[in-house]
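Read the structure below first, then the notes.
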Amino acid sequence: MSIKTGIVGYGKSAKVFHAPLINAVQELDLYSVVERSSDDAIRKYPDVEVFRSFKEILKDDATELLIITTPNHLHFSMAREALSAGKHVVIDKPFTVTFEEANKLIRLADDLDLKLSVFQNRRWDGDFITVEKLIRDRKVGEAVEVVSTFNRFRNQIQEDAWREKSQPGSGVLYDLGPHLIDQAIQIFGKPDQLYADIREQREGVTDDYFELDLHYPNLKVKAKSREFWLRIQHPDLR
Numbered sequence: 186m187s188i189k190t191g192i193v194g195y196g197k198s199a200k201v202f203h204a205p206l207i208n209a210v211q212e213l214d215l216y217s218v219v220e221r222s223s224d225d226a227i228r229k230y231p232d233v234e235v236f237r238s239f240k241e242i243l244k245d246d247a248t249e250l251l252i253i254t255t256p257n258h259l260h261f262s263m264a265r266e267a268l269s270a271g272k273h274v275v276i277d278k279p280f281t282v283t284f285e286e287a288n289k290l291i292r293l294a295d296d297l298d299l300k301l302s303v304f305q306n307r308r309w310d311g312d313f314i315t316v317e318k319l320i321r322d323r324k325v326g327e328a329v330e331v332v333s334t335f336n337r338f339r340n341q342i343q344e345d346a347w348r349e350k351s352q353p354g355s356g357v358l359y360d361l362g363p364h365l366i367d368q369a370i371q372i373f374g375k376p377d378q379l380y381a382d383i384r385e386q387r388e389g390v391t392d393d394y395f396e397l398d399l400h401y402p403n404l405k406v407k408a409k410s411r412e413f414w415l416r417i418q419h420p421d422l423r
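186 is the number of the first residue of the sequence shown in the working numbering; add one for each residue after it.
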């Protein structure tokens, strides 16, 4: 019997990652989607049930599992409502904006005997799995320094992008940081110390650069991401 699964929010994350994966897994049934105005979901998946609001899907008894793919600052409140409505929940990374919110959701899921998890798809990237195996099997010797980066060039601010607005859970640290931090912990465990350099390199947006140093005994892991490089043209180099 497949699990009737609903997706809350049908943006890029849902279209590229969640819906195709759910549709490919025999044990899951892509049953419903919350899409407020457009009909992209039903055009791609004709059998899907489309709800125009989050409140509507919470009342749907057939939907058993909800995938929360909305902006980060809504993760906690929506997951809490979904759990309270008796739904199992998977939240797209980051799980919540704060540690306190995460603990509240975990306690609520335990109290209600419901499943609650976070979507961390980068744990199964081929390059990461290969590096993890090489390090664990000591094929490259003993690791003393590891540098992992996600970089992309976006010198123009996207006015309609919530990730670039100054609000809780936005910015590149909450966007790409969870992947890099999670991968480091998957291989090496929790660090003894942490150093963080978080910056706003493009004026008028939230953080678009971070550099994290995770310190272990005899090992440093550097996790880094930036969205902007300053191009300087020297007259003598034309």
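Don't be surprised by glycine CBs; every beta carbon is placed ideally from N, CA and C.
What is the DSSP secondary structure of residue i, counted as helix, strand or coil?
i: Asn403; result: coil
i: Lys189; result: strand
i: Gly194; result: coil
i: Pro205; result: helix
i: Lys324; result: strand
i: Arg423; result: Residue confidence for Arg423 is low, a pLDDT of 46 falling below 50, so the modelled location carries little weight and cannot support an answer.
i: Ser217; result: strand
i: Asp277; result: strand
i: Phe239; result: helix
i: Arg416; result: Any reading at Arg416 needs caution, since the residue's pLDDT is 48, under 50, leaving its predicted position unreliable; the model's value is listed next. If DSSP states are grouped into helix, strand and coil, Arg416 belongs with coil.
Express the C-alpha separation of residue j and residue i in angstroms, rounding to a whole number.
i: Val201; j: Val316; result: 25 angstroms
i: His258; j: Ile372; result: 28 angstroms
i: Gly356; j: Asp393; result: 6 angstroms
i: Met186; j: Gln211; result: 9 angstroms
i: Gln378; j: Leu399; result: 6 angstroms
i: Arg228; j: Glu266; result: 28 angstroms
i: Phe395; j: Tyr401; result: 19 angstroms
i: Ile291; j: Met263; result: 14 angstroms
i: Asp232; j: Trp309; result: 29 angstroms
i: Gly374; j: Phe239; result: 37 angstroms
i: Val325; j: Phe313; result: 15 angstroms
i: Gln386; j: Glu412; result: 8 angstroms
i: Phe284; j: Gly311; result: 30 angstroms
i: His364; j: Glu241; result: 32 angstroms
i: Ala408; j: Ile366; result: 7 angstroms
Please confirm whether residue i and residue j have their CB atoms less than 9 angstroms apart.
i: Gly191; j: Lys278; result: no
i: Val275; j: Leu243; result: no
i: Gly332; j: Val406; result: First, the residue type needs correcting, since residue 332 is Val and not Gly in the sequence shown. Taking 9 angstroms as the Cβ cut-off, Val332 and Val406 qualify as a contacting pair.
i: Gly194; j: Thr254; result: yes
i: Gly362; j: Ser302; result: no
Give a single yes or no on whether residue i has its beta carbon closer than 8 angstroms to a heavy atom of the ligand NAD.
i: Leu399; result: With respect to the ligand NAD, the structure shown offers nothing to examine, as it has no ligands at all.
Residues in the same chain with beta-carbon distance under 7 angstroms from residue i, minus the five sequence neighbours each way, listed in chain order, please.
i: Ile188; result: Glu212, Leu213, Asp214, Glu249 and Leu250
i: Ser223; result: none
i: Ala328; result: Ile320 and Leu404
Suppose the cutoff is 6 angstroms on Cβ atoms and the five residues either side in sequence are ignored; what does the same chain contact list for residue i look like?
i: Tyr359; result: Asn257 and Pro279
i: Phe335; result: Leu361 and Ser410
i: Ile252; result: Ile192, His203 and Val275
i: Asn208; result: Leu215
i: Phe261; result: Thr281 and Glu286
i: Ser351; result: Thr391
Excluding the five sequence neighbours on either side, which residues of its own chain have a C-beta within less than 8 angstroms of the C-beta of residue i, listed in chain order?
i: Leu297; result: Leu268, Ser269 and Gly271
i: Arg237; result: Val219, Glu220, Arg221 and Ser222
i: Asp245; result: Gly191, Ser217, Glu234 and Phe236
Exercise. What are the complete beta strand (DSSP E) segments, minimum 3 residues, inside the region 279-319?
Worked result: Fully enclosed beta strand (DSSP E) runs of 3 or longer: 301-304.
Exercise. At which residue ranges does the region 352-408 contain complete alpha helix (DSSP H) runs of 4 or more residues, listed in the order of the chain?
Worked result: The qualifying runs are 357-360 and 362-373.
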